[in-house]
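For the record, in the sequence shown the residue sitting at position 140 is 139 according to numbering that gives the first Met the number 0, with numbers rising by one throughout.
What follows is a set of notes on a single structure, which appears directly below.
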Amino acid sequence: MAIATLGIVGAGLMGSGIAEVAARSGVTTTVCEVDQRALDAANQRVRRSLDRGRSTGKLSDEQVDEILARIAYTTDIEELAPVDIVVEAIVERLPEKVALFETLDRIARDDAILATNTSSLPIIEIARATRRPEAVVGTHFFNPPPVMKLLELVRSVATSDTTMEGARGFGEQLGKTIIVAQDRGGFIVNLLLIPFLTHAVRVYESGFATKEDIDEGMRLGCGHPMGPLQLLDYIGLDTTLFVCEALYEEYANADYAPPPLLRRMVAAGWLGQKSGRGFYEYPNRR
């Protein structure tokens, strides 16, 4: 069955990006946040993105209006009760996600899919907070969702075939390429990516090379679209720290341990592009 209605909890970069992708694909979408300020910011992000599409001729005025009309914004989570699928896109911390899924379990339709956009946390730990763990699945979108083509589906030991089929169909509706990972920390992408990123931080922290040379080396020497320190700024240093901590707790492998410099930068509020400063400075984002 095609997904007709979507609820998103969390209106940050990921939540607003998923909302845009879904609305572009014809899915009626409701975005929920705790306050109107966050919703207004999400609305503006979607509008700016669509305006870029309009300015390049990829979208007409009529298409932009239709997409915007498919997205509603609310601070009342009860409004998500009738949707076909709910995607959680809040902060990457297990206690907050567990508490949210307890609420979603109460309000969502019995046949709704409950999805978490976590990039590293165990799906079963989130699913067990509900009375229907078979309906819970990981839907790991990549930033920015309107551009990145991959959707990593994560199946816990309890996720049913019906839920997986529904989640795959949803991803295909959105035009995503689907890969499927088992419910182990980091899944496929971050399990391989995080050691690369943390090692780059350690190389820079040790004074072995400048940040510019590290990034240039990986761009031009390995054909990466951006260097590892630039990528960390793009992902968000706080998000990376959460992922490192989750992976280190699961595997007890030093490759996943957060470098001291990463911790210090997060403590300083240097979170990357979103805060205006990370390994590089972004004056227009301040």
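Each residue gets a CB set at the ideal place from its N, CA and C atoms; glycine is no exception.
Sequence-distant residues of its chain with Cβ nearer than 8 Å to residue i (five each side left out)
i, result
"V202", "A208, I213"
"P224", "R218"
"T102", "I76"
"Y233", "N142, M225, G271, Q272"
Cβ shell of residue i (< 7 Å), same chain only, five flanking positions each side left out
i, result
"P282", "G275"
"S118", "E91, H139, N189, V242"
"L260", "V200, E204"
"A126", "P132, V135, S155, A157"
"L240", "P257, L261, R262, V265"
"P194", "D254, Y255"
"I106", "I76, E77, L79, A80"
"A21", "L5, T28, L173"
Exposed unless 16 or more other CB atoms sit within 10 angstroms - verdict on residue i
i, result
"C221", "exposed"
"G206", "exposed"
"P227", "buried"
"F186", "buried"
"R23", "buried"
"G268", "exposed"
"V146", "exposed"
"E87", "buried"
"K175", "buried"
"D237", "buried"
"L41", "Looking at the sequence shown, residue 41 is not Leu but Ala. So A41 counts as buried."
"L293", "Outside the displayed span of the chain (0 to 285) sits residue 293, for which this structure offers no information."
"P55", "The residue you asked about is not Pro; residue 55 is Thr in the sequence shown. So T55 ends up on the exposed side."
"L191", "exposed"
"V85", "buried"
"V33", "exposed"
"E19", "buried"
According to DSSP, residues forming a beta bridge with residue i
i, result
"H139", "E151"
"R51", "None, per the DSSP bridge assignment."
"T29", "G6, A71"
"E280", "R276"
"V179", "L152"
"A114", "V86, V136"
"G271", "R276"
Proximal residues to residue i (C-beta, below 6 Å), its chain only, five neighbours per side dropped
i, result
"T4", "T27, V82, D83"
"R53", "V63"
"G170", "L150, I177"
"R167", "I177"
CA nearest to the CA of residue i, picked from the options
i, options, result
"A37", "G206, A157, L231, T74", "T74"
"K210", "Q229, L150, L192", "Q229"
"L270", "P257, L231, A256, A68", "L231"
"I178", "E124, G137, D109, I17", "G137"
"L150", "V33, F141, V156, R105", "F141"
"D109", "T129, G56, V200", "T129"
"K96", "T115, R46, N42", "T115"
"I89", "S15, R131, E124", "S15"
"I122", "K148, R105, P144, L93", "L93"
"E124", "P144, A245, I193, I17", "A245"
"T197", "Q181, Y247, I7", "Y247"
"R47", "E32, Q272, T29, I66", "I66"
"E249", "L49, D182, L192", "D182"
"Q235", "M13, V30, I2", "A small correction: the amino acid at residue 235 is Gly; Gln does not occupy that position in the sequence shown. Comparing Cα-Cα distances from G235 to each of M13, V30, I2, the minimum goes to M13."
"I70", "D60, G25, I112, A111", "G25"
"I2", "G165, A68, E61, D50", "G165"
"A180", "L120, P144, D39, G9", "L120"
"N252", "T162, G184, A10, F100", "G184"
Proximity test, Cβ basis, 8 Å: residue i and chain B
i, result
"R51", "Going by chain labels, chain B is absent from the structure shown, which holds only one protein chain."
Identify every run of the alpha helix (DSSP H) within the stretch 81 to 110, keeping only runs that are complete inside it and at least 4 residues long; order them along the chain. Those alpha helix (DSSP H) runs which fall completely within the stretch 81 to 110 and span 4+ residues are 93 to 106.
Within the stretch 186 to 214, ranges of the beta strand (DSSP E) (whole runs, at least 3 residues): Taken in chain order, no unbroken stretch of beta strand (DSSP E) lies wholly in the stretch 186 to 214 with a span of 3 residues or more.
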